[in-house]
């Protein structure tokens, strides 16, 4: 990953330099990472490694890799833990996200999980490995599963995430 100092990079320098990490959960260590497992469907000619990098950057700094200084990328960008190609157009991916990207509140965490990738084809979350300090901090729903489902009038369908179209 290289940080290009060309005209395009200078145009966003103030934005990148001003980026700060989310407030991490108290007690989370750098190695307490949120693991997210994805099933990828690749477009014709698309490389699994390129798609993995796009997800890692899009879900964290929301900039192309060549515009992100290495120190910021190391601290904030998702890390590819596992990438297995499963045929010409299928892959399995595991990314992990550190405390600076996860944040200390549920909306930030949901944005990290679903954010802009929910609008892109060929990306499906298949599992999540939650770090214990994050689960302890979030604490779970205050009204059980029935409370939000009742308010949403959704006894069986998805409540927190959906797909348009």
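In the working numbering, the protein residues as written are 120 to 284.
Positions of the beta carbon are idealized from the N, C-alpha and C atoms, including for glycine.
Small disclaimer: the values here were computed from a predicted structure and weren't measured.
When you measure from the CB of residue 201 to every non-hydrogen atom of the ligand FAD, does any distance come out below 7 Å? Among the components of this structure there are no ligands whatsoever, and the ligand FAD is therefore not found.
Burial state of residue 217, where buried means 16 or more other Cβ atoms lie within 10 Å: buried
Exposed or buried, what is residue 170 when buried is set at 16 or more other beta-carbons lying within 10 Å of its beta-carbon? buried
Assess, as a yes-or-no matter, whether the stretch 186-205 is touched by the stretch 234-252 under the definition of 3 or more beta carbon pairs within less than 8 Å. no
Which residue or residues does DSSP assign as beta-bridge partners of residue 242? 159
Report the rounded CA-to-CA distance for residue 133 versus residue 163, giving the unit in angstroms. For residue 133, the pLDDT reaches just 47, beneath the cut-off of 50, and the residue's location in the model is therefore unreliable, although a value from the coordinates is still provided. If I take the Cα positions, the gap works out to 36 Å.
Are there 16 or more other CB atoms within 10 angstroms of the CB of residue 152, so buried, or fewer, so exposed? buried
I need the DSSP call for residue 150, collapsed to helix, strand or coil. In the three-state reduction of the DSSP assignment, residue 150 falls in the coil class.
Check each candidate in 203, 184, 245 and 208 and name the one with the smallest Cα separation from residue 197. Residue 184 holds the alpha-carbon nearest to the alpha-carbon of residue 197 among 203, 184, 245 and 208.
Could you check if residue 145 is buried or exposed, using at least 16 other CB atoms within 10 Å of its CB as the buried criterion? exposed
Between 271, 219 and 261, which has its C-alpha nearest residue 149's C-alpha? 219
Taking 8 Å as the cut-off, does the stretch 200-212 touch the stretch 261-276 (at least 3 CB pairs, one atom from each stretch)? Touching, no, given that fewer than three Cβ pairs across the two stretches are closer than 8 Å.
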